[in-house]
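Chemist: Counted the way numbering that gives the first Met the number 0 counts, the sequence shown spans residues 0 to 324.
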Amino acid sequence: MKNTILIFAILFYPIICVSQIDTSNVSFVAYWSIGDSYDFQITKVKKDWRNGKLTKIDSSNQVVNFKVIDSTESSYQIQWTVKNSSVNDWITNLRDNYNKDGSLDSIFQKYNLNSVIYSTDELGIFNRIENSKGIEILAKTVIDQIEKKYSLENPKDSIRLQNAIKPIKNIYTSTEGIESLLVSEIQFFHSPLGYEYDISEPLEYEQEYPNLLGGKPIMADAVMTFNYVDLENGYIEFQEEISLNPEMVKNITVQYLKAMGAPQDKLESISKEAKVNTFDSSEYQYYFNPGVPHKINTIRTSIVNLPNEKIKSEKRTTIELIYEE
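Given below as structure tokens:
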């Protein structure tokens, strides 16, 4: 996701440790050099509930490498490589489920899909993915396979399927969709960078989330709480709590379901009766100098309340630095 942070919130709790240094500002600026390399353990757990009953649990573990491969006065170029791609990641899932006939082999051979190359500005603020073409082609090919297979098996429903799958294809074959959905952990990594935090007083801020269906971004209210700051060693711990605008989330949900061909009565029911709440809760333990996380733990919780049904989902992502022994 590309987050546009308007104002950062800093709230004292319970005490700020500043290691005897008299200052009220903390700057998150990337101090990287070509060749800098760090390994991280990334754990993802997704849970779904329906009417209070746990219905699904998915989990994955990956080891990734962050490496600075180029640096100029105004930018960095980063290579983000999955080192154990055989462990429940999306590429393995595609190989197992959609490449039994070998139709994806040429894409896997042409593009190194275990590595994402992306750029940042000189402060470390995420800019864009530089090698998204291969991922876009792979996503489009897989979605086309699903559409073709289903249409052959259910020819009467082919038109409905095309309408239903179109918004999914548009999201997963766009650079914005890839950045938001497939490599979201990179966004968490860079989220604090490029800003100066005033720790002298509490503040609140607004945040924007991209609307992957197009149109106005989703607005959110947020607050940041700093628990510990050690300026002498360039280390900080803080929390970020974000609540997305419920009406905007509901309207986009209805828009998405409409694009997928949902019945009109269902759309009207959701629009009139549903209560939708989406929250992000994140804990950061971060070396703001040189700009590398020790640990990030973030949880996205979504709750949809209907008159006769309650649906809840929770997605937890943990990024933890692996230290050399």
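Each residue gets a CB set at the ideal place from its N, CA and C atoms; glycine is no exception. Predicted model, so just to flag it, every value in this text is computed and none were measured.
Answer yes if the region 281-291 comes into contact with the region 305-315, meaning at least three C-beta pairs across the two stretches below 8 angstroms, and no otherwise.
Modeler: Judged by Cβ distances under 8 angstroms, the region 305-315 makes no contact with the region 281-291, as fewer than three pairs qualify.
Chemist: Under 8 angstroms, with one C-beta from each stretch per pair, do the region 163-178 and the region 131-142 reach the 3-pair mark?
Modeler: Yes, the region 163-178 is in contact with the region 131-142.
Chemist: Measuring only the C-alpha atoms, how far is lysine 165 from isoleucine 145?
Modeler: Approximately 12 angstroms between the Cα atoms of the pair.
Chemist: Helix, strand or coil, according to DSSP, for aspartate 35 in the structure here?
Modeler: Coil.
Chemist: By how many angstroms is the C-alpha of lysine 257 removed from the C-alpha of glycine 233?
Modeler: Distance between the alpha carbons of glycine 233 and lysine 257: 49 angstroms.
Chemist: Assuming valine 248 contacts threonine 277 (C-beta within less than 8 angstroms), just tell me the rounded distance between them.
Modeler: Contact flag correct, Cβ pair sits at about 5 angstroms.
Chemist: Phenylalanine 39 and glutamate 319 - do their beta-carbons sit closer together than 8 angstroms?
Modeler: Against a cut-off of 8 angstroms, the Cβ pair of phenylalanine 39 and glutamate 319 comes out as a contact.
Chemist: Taking buried to mean at least 16 other C-beta atoms within 10 Å of its own C-beta, is glutamine 206 buried or exposed?
Modeler: Counting Cβ neighbours within 10 Å, glutamine 206 comes out buried, since at least 16 surround it.
Chemist: Quick check on leucine 211: buried or exposed, where buried means 16 or more other Cβ atoms within 10 Å of its Cβ?
Modeler: Buried, by the Cβ-count rule.
Chemist: Could you say which of Ser301, Val81, Ser190 and Gln263 lies nearest to tyrosine 283 if we only look at CA atoms?
Modeler: The candidate whose alpha carbon is nearest that of tyrosine 283 is Ser190.
Chemist: Could you compute how far the alpha carbon of glycine 51 sits from the alpha carbon of lysine 215?
Modeler: In a straight line, the C-alpha of glycine 51 is about 33 angstroms away from that of lysine 215.
Chemist: May I have a chain-ordered list of the beta strand (DSSP E) segments no shorter than 3 residues that lie completely inside the region 176-229?
Modeler: Runs found: 195-197, 203-208 and 217-229.
Chemist: Relative to the C-alpha of asparagine 69, which candidate in Pro306, Ser32 and Asn83 has its C-alpha closest?
Modeler: Reading off the sequence shown, one finds aspartate at residue 69, where the question assumed asparagine. When only C-alpha atoms are compared, the closest one is Ser32.
Chemist: Looking only at its own chain, which residues have a Cβ that is under 7 angstroms from the Cβ of alanine 261, when we skip the five neighbours before and after it?
Modeler: None.
Chemist: Can you list the beta strand (DSSP E) stretches of 3 or more residues lying completely in the region 110-166, in chain order?
Modeler: The qualifying runs are 114-120 and 125-128.
Chemist: What are the boundary residues of the beta strand (DSSP E) that tyrosine 255 is part of?
Modeler: Note, tyrosine 255: premise wrong, no beta strand (DSSP E); alpha helix (DSSP H) at 245-258.
Chemist: If you follow the alpha helix (DSSP H) that lysine 271 is in, where does it begin and where does it stop?
Modeler: Where lysine 271 is concerned, the enclosing alpha helix (DSSP H) stretches over 263-272.
Chemist: Could you tell me which residues DSSP pairs with lysine 46 in its beta bridges?
Modeler: DSSP output for lysine 46 lists Ile56 and Glu313 as bridge partner(s).
Chemist: With distances taken from CA atoms, which of Asn153, Ala29, Val44 and Tyr37 is nearest isoleucine 298?
Modeler: That would be Val44, whose Cα lies nearest to the Cα of isoleucine 298.
Chemist: From the DSSP output, in three-state form, read off lysine 168 for me.
Modeler: Residue state, collapsed to three classes: helix.
Chemist: Taking valine 303 as part of the beta strand (DSSP E), name the residues at either end of that continuous run.
Modeler: First-last of the beta strand (DSSP E) with valine 303: 291-305.
Chemist: Reducing DSSP to helix, strand and coil, say where threonine 71 ends up.
Modeler: DSSP places threonine 71 in coil when its eight states are reduced to three.
Chemist: Give me the Cβ distance between glycine 193 and glycine 123, rounded to the nearest whole Å; I'm assuming they're in contact under 8 angstroms.
Modeler: So it is a contact: roughly 6 angstroms between Cβ atoms.
Chemist: Identify the continuous beta strand (DSSP E) that holds asparagine 83 and give its terminal residues.
Modeler: First-last for asparagine 83: undefined, no H or E at that position.
Chemist: Once the 5 residues before and after aspartate 35 are set aside, which same chain residues still bring their CB inside 6 angstroms of it?
Modeler: Here the set comprises Val67.
Chemist: According to DSSP, what are the bridge partners of serine 280?
Modeler: Serine 280 is bridged to Glu240 and Ile298.
Chemist: Given this structure, state the Cα-to-Cα distance separating serine 85 from threonine 42, to the nearest angstrom.
Modeler: No answer about serine 85 holds up, because its pLDDT of 45 lies below 50 and its placement is not dependable.
Chemist: Below 6 angstroms CB to CB, which residues in the same chain sit around serine 401 once its five sequence neighbours on both sides are set aside?
Modeler: As displayed, the chain neither begins before 0 nor continues past 324, which places residue 401 out of reach and without an answer.
Chemist: How big is the Cα-Cα spacing for serine 280 and phenylalanine 287?
Modeler: Their Cα atoms are separated by approximately 20 angstroms.
Chemist: For tyrosine 30, count neighbouring C-beta atoms within 10 Å of its own C-beta (all shown protein chains included) and say buried if the count is 16 or more, exposed if not.
Modeler: The residue in question, tyrosine 30, is exposed, as its Cβ has fewer than 16 Cβ neighbours within 10 Å.
Chemist: Just tell me which of Ile167, Lys274 and Val115 has its CA closest to the CA of lysine 82.
Modeler: It is Val115 whose Cα lies nearest to the Cα of lysine 82.
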